[in-house]
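So the mapping is simple: the working numbering equals the position in the sequence shown, first residue as 1, plus 13.
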Amino acid sequence: MPAKVLVVDDELELKDLIHQKFRKKIRQKKFQVFFACNGLEALKILQAEPDIDIVLTDINMPQMDGLTLLTKISEAYPTTKTVILSAYGDLQNIRKAMNYGAFDFLTKPIDFQDLEITINKTLQHVQQTRDALEKESLAQQAQGELLIHLQQEVTRRQQVEEALQESKVQLTKFLEAMPVGVFIIDAQGKTYYVNQTAKKLILKDIVPGATVEQFPDIYQAYLAGTNQLYPTERQPIMRALRGYKATADDLELHQEDKIVPLEVWATPIFDDQGRMIYAIAAFQDITQRKQAEAERHTLIEELFEVNCNLELALDAESELTDAAKRFVPHEFINFMGHKSIVDVHLGDQVQQEMSIMFADIRDFATLSEKMSPKENFDFINNYLSRVGPVIRAHQGFIDKYIGDAVMALFPQTADDALQAAIAMQKQVSFYNWERQQQGARTITIGIGLHTGSLMLGTIGESERMESTVIADAVNLASRLENLTKTYGSSILISGDTLMSLAEVSNYYYRFLGRMQIKGKNRLVSVFEVLDAEPTKLQELKWQTKTNFEEA
14 MPAKVLVVDD ELELKDLIHQ KFRKKIRQKK FQVFFACNGL EALKILQAEP DIDIVLTDIN
74 MPQMDGLTLL TKISEAYPTT KTVILSAYGD LQNIRKAMNY GAFDFLTKPI DFQDLEITIN
134 KTLQHVQQTR DALEKESLAQ QAQGELLIHL QQEVTRRQQV EEALQESKVQ LTKFLEAMPV
194 GVFIIDAQGK TYYVNQTAKK LILKDIVPGA TVEQFPDIYQ AYLAGTNQLY PTERQPIMRA
254 LRGYKATADD LELHQEDKIV PLEVWATPIF DDQGRMIYAI AAFQDITQRK QAEAERHTLI
314 EELFEVNCNL ELALDAESEL TDAAKRFVPH EFINFMGHKS IVDVHLGDQV QQEMSIMFAD
374 IRDFATLSEK MSPKENFDFI NNYLSRVGPV IRAHQGFIDK YIGDAVMALF PQTADDALQA
434 AIAMQKQVSF YNWERQQQGA RTITIGIGLH TGSLMLGTIG ESERMESTVI ADAVNLASRL
494 ENLTKTYGSS ILISGDTLMS LAEVSNYYYR FLGRMQIKGK NRLVSVFEVL DAEPTKLQEL
554 KWQTKTNFEE A
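So, in structure tokens, the structure goes:
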């Protein structure tokens with residue numbers, strides 16, 4: 014997300030200076046800059062953009078001065094920081110501004126290096142402030158949730174304590190009202206209490222003197238899925254009698270005409286001295302749950318099968334996409350805003366500034382005449398296998414092959430395109446060395462580069478369409494490649510490409526002149542890049558650069 018900066022000054026030339034100084038960060042969307050001529054305009058912008066990070070404001074302005082604006086910003090936008098722009102020596106107003114809450118100040122005329130440092134420092138402070146506010150908000154939220162949790166825990170414990178104070182009669186009524194079976198035994202393991210729900214589930218007469226060890230045989234309790242009586246030691250109520258809480262869902266009651274699966278919970282009950290006096294077990298019929306679990310298991314198996322089929326379909330789509338990438342660049346599909354070639358429709362288009370490359374083998378027709386059709390295809394594919402990876406390694410992608418020619422696009426920077434061109438020439442030099450070892454003729458290629466706005470899209474009709482690039486910039490790049498034959502150059506670039514380079518001093522180049530390119534009304538500045546030339550030739554051209562350009 015770009016940092017938002019509001020500049021408030023009635024000197025209109027400051028707007029152009031700001032745009033010029035920060036054009037790269039604005040283009041890269043690291044900065045978003047707003048401008049206002051006075052305080053009233055600034056407040057309107059702030060109402061529309063309340064998340065502005067920094068306000069750079071002059072003091073003396075018509076309608077509303079900077080100090081009044083500063084006061085209103087401090088009141089309404091506490092996380093927005095203000096930097097005052099003041100004439101050198103205006104200490105009284107600067108002091109007032111700092112007292113009113115200004116974060117920092119700069120004196121006019123503005124030193125743009127100081128301005129950039131101040132903006133970065135202020136942005137860092139704004140981010141720290143917002144991070145701190147967010148942490149404070151999260152801490153307050155966590156504190157509130159903890160308080161609610163503590164209140165709930167206190168309430169739960171109070172309810173437990175109140176329940177323990179219930180009389181025996183009230184407890185009995187409560188146990189009878191429970192929708193689950195309740196079975197209580199005393200410390201000696203003898204039956205103490207059984208509610209009506211438990212009796213209905215057991216369907217057996219309660220044997221008052223029976224011990225826990227006798228329960229499985231008396232009440233026909235079996236290990237689920239077997240004809241084995243439930244092991245005494247695993248009975249939840251036996252474990253509760255020994256002081257442990259226990260649960261089990263693998264117990265079944267075998268009755269005359271049906272089997273009833275049970276889920277059992279058991280817990281010990283202690284007196285005030287910590288002595289175990291009772292063990293209580295609660296249990297319920299889980300027939301419906303078991304049926305639901307079986308249905309869920311079946312559903313999971315069906316979903317697994319569906320998922321497997323879906324994965325096979327996705328694999329097939331992936332294979333289709335991988336195959337399509339060899340015919341339609343995946344980068345092209347991404348620029349169209351799609352994930353797969355199946356999403357592309359006739360007429361999709363997008364406009365963007367890019368660098369265009371045309372590369373062509375010199376005298377290919379002469380070379381081709383001496384080869385068979387198979388040799389021609391083998392040669393071209395061998396050559397393209399050398400230069401294609403170089404283009405991709407420099408963030409470019411090949412739009413199309415035109416015989417022995419390559420048209421490539423570089424969507425990020427002009428430097429990517431130029432460095433790819435230089436690397437391609439060096440790759441061809443290595444390729445020529447290999448050809449010489451085989452007794453084959455060497456080749457030369459010419460490369461033309463231009464940077465400009467172009468449209469990517471799909472053309473054709475419902476039964477046949479293809480991706481293409483439409484732009485005057487494409488034709489100009491092609492014309493520059495043709496000029497490499499006229500000038501005997503390896504790489505020619507337009508003035509637009511040169512001006513788009515991050516640092517032109519990183520390259521060796523010379524000006525060939527402003528030329529009338531076929532099909533162009535305006536003159537085009539043409540530059541020869543020397544970085545890929547043989548060392549001796551590069552030195553000679555560089556030494557005569559000044560004289561050549563003057564001539």
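Even glycine gets a Cβ: it sits at the ideal position worked out from N, Cα and C.
Residue i versus residue j: straight-line alpha-carbon distance, rounded
| i | j | result |
| --- | --- | --- |
| L422 | A155 | 52 Å |
| Q60 | S491 | 50 Å |
| I197 | P221 | 11 Å |
| L19 | M512 | 29 Å |
| D78 | D144 | 31 Å |
| L30 | E447 | 54 Å |
| Q268 | K212 | 13 Å |
| D23 | P15 | 25 Å |
| N51 | T131 | 22 Å |
| M74 | T142 | 29 Å |
| R527 | Q137 | 47 Å |
| R288 | L312 | 49 Å |
| G501 | Q551 | 13 Å |
| I282 | Q227 | 22 Å |
| S99 | Q45 | 23 Å |
| A436 | R399 | 11 Å |
| E166 | A307 | 36 Å |
| N495 | R36 | 34 Å |
| I161 | A305 | 35 Å |
First through last residue of the beta strand (DSSP E) which encompasses residue i
| i | result |
| --- | --- |
| P281 | I272 to F283 |
| V233 | It should be pointed out that residue 233 corresponds to Gln in this sequence rather than to Val. Neither: Q233 is in no beta strand (DSSP E) and is coded neither H nor E. |
| K413 | F410 to I415 |
| S99 | K94 to A100 |
Contacts around residue i, its chain only, beta-carbon distance under 8 Å, and the 5 residues preceding and following it disregarded
| i | result |
| --- | --- |
| Y113 | L80, L83, T84 and S87 |
| R523 | F540, E541, L543, K554, W555, K558, F561 and E562 |
| F340 | For F340, the pLDDT reaches just 47, beneath the cut-off of 50, and the residue's location in the model is therefore unreliable, leaving the point undetermined. |
| I65 | K17, V18, L19, F47, I58, L59, Y90 and T93 |
| I374 | L380, Y396, D417, A418, I456, T457 and I458 |
| L254 | I198, A200, G202, V225, P281, M289 and A292 |
| S150 | none |
Backbone secondary structure at residue i - three-state DSSP
| i | result |
| --- | --- |
| Q438 | helix |
| F35 | coil |
| V193 | coil |
| Q551 | helix |
| A372 | strand |
| M289 | strand |
| S466 | strand |
| D29 | helix |
| F187 | helix |
| T120 | strand |
| T224 | coil |
| M251 | helix |
| Q449 | helix |
| R454 | coil |
| A336 | Its pLDDT being 45, under 50, A336 is placed unreliably in this model, and the value from its coordinates should be taken loosely. Three-state DSSP puts A336 in a helix. |
Start-to-end residues for the alpha helix (DSSP H) that takes in residue i
| i | result |
| --- | --- |
| E494 | D485 to Y500 |
| I393 | P386 to A406 |
| T426 | No alpha helix (DSSP H) contains T426, which DSSP labels as neither H nor E. |
| D509 | G508 to S513 |
| L214 | Q209 to I215 |
| Q105 | L104 to N112 |
| I58 | G52 to A61 |
| G79 | G79 to A89 |
| T379 | F377 to E382 |
Chain D contact for residue i (CB, 7 Å cutoff)
| i | result |
| --- | --- |
| Q408 | The displayed structure is made up of one protein chain only, and chain D is not part of it. |
Beta-carbon contacts of residue i that lie in its chain and below 6 Å, excluding the five residues immediately before and after
| i | result |
| --- | --- |
| R231 | One point to set straight first is that residue 231 is Ile, not Arg, in the sequence displayed. Answer for I231: V220 and A223, listed in chain order. |
| A372 | V419, I458 and I460 |
| M111 | none |
| K258 | T280 |
| I215 | Y232 |
| L514 | A427 and D428 |
Own chain residues within Cβ distance below 7 Å of residue i, not counting five before or after
| i | result |
| --- | --- |
| Y243 | P229, A234, Y235, L236 and L264 |
| E189 | N208 and Q209 |
| G256 | P281 and M289 |
| E276 | D262, F296, Q297 and I299 |
| K439 | A545 |
Near the ligand COA: residue i beta-carbon under 6 Å from a heavy atom
| i | result |
| --- | --- |
| I299 | As for the ligand COA, it is missing from this structure, which has no ligand bound. |
Is the segment 243-261 close to the segment 288-297, with three or more CB pairs under 8 Å? yes
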